């Protein structure tokens, strides 16, 4: 989830804000593996095994640490604050893993740690709208089709594969429809199912 030092949030890349995703406490990233969930059960007297009722799944939460790559100014701090302090869930993904998108927003306390000479990092907790991640939207343009015919006209009486017929097809005012066939059981009297099907 947190792979990579560059990320995007609400359509803005971290590199454009001068930020890097980093870890300062140790050498490795720590992240949520599965969403938090709790089991609801009902227990009755005389039975040691409880009855399963449901699962309550919590939305994902994860902590992020952003370091200022080239230091910061007061203007940059305000820009980053406006960028991260969104009124609704916005898409977040790391550049190394763009196919895993989280819709999240900042929650709880956020901290700025600095050395007094405009160098430092920010910690923030992000809360997602669900316990799941999503994939990017995909738009396919200029799709190519092979020569297989995709439409059928009323003038044709056979299908491309040679199977079937269009005996019940009728065209009325340029619209193709299926002619109702009045069927009753007396017309099948004396026949076997294998002859009919």
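Residue numbers (this note's numbering): -18 to 178. By construction, the Cβ of each residue, glycine as well, lies at the ideal position given by its N, Cα and C atoms. It should be emphasised that the depicted structure is a prediction, and the values quoted were computed from it without experimental measurement.
Taking just the CA atoms, how far does residue -16 sit from residue 69?
Taking the CA atoms as reference points, residue 69 sits about 24 Å from residue -16.
May I have the straight-line CA-CA distance separating residue 51 from residue 16, to the nearest angstrom?
35 Å
Can you tell me which of the three DSSP states residue 170 falls into?
Of the three classes helix, strand and coil, the one that applies to residue 170 here is coil, per DSSP.
Output the distance between the C-alpha atoms of residue 138 and residue 155, rounded to the nearest integer angstrom.
Confidence in residue 138 is poor, its pLDDT being 49 and thus under 50, which makes the residue's placement unreliable; the coordinate value appears in the next sentence. Straight-line Cα distance between these residues: approximately 17 Å.
Hey, how far is the Cα of residue 115 from the Cα of residue 161?
47 Å
Taking 8 Å as the threshold (beta carbon to beta carbon), is residue 77 in contact with chain C?
Given the protein chain composition of this structure (a single chain), no chain C is represented.
With distances taken from CA atoms, which of 22, 37, 38, 39 is nearest residue 31?
22
For the alpha helix (DSSP H) that residue 161 lies in, which residues bound it at each end?
Where residue 161 is concerned, there is no enclosing alpha helix (DSSP H), given that its DSSP letter is neither H nor E.
In whole angstroms, give me the CA-to-CA distance for residue 10 and residue 125.
43 Å
Which residues mark the beginning and the end of the alpha helix (DSSP H) in which residue 60 is found?
Segment 55 to 65, the alpha helix (DSSP H) holding residue 60.
Specify whether the stretch 28 to 48 and the stretch 74 to 82 touch according to this definition: at least 3 beta carbon pairs, one from each stretch, less than 8 Å apart.
no
Please report how far the alpha carbon of residue 88 lies from the alpha carbon of residue 106, in whole angstroms.
6 Å
Rounded to whole angstroms, what is the Cα-Cα separation between residue 44 and residue 117?
Cα-Cα distance, rounded: 22 Å.
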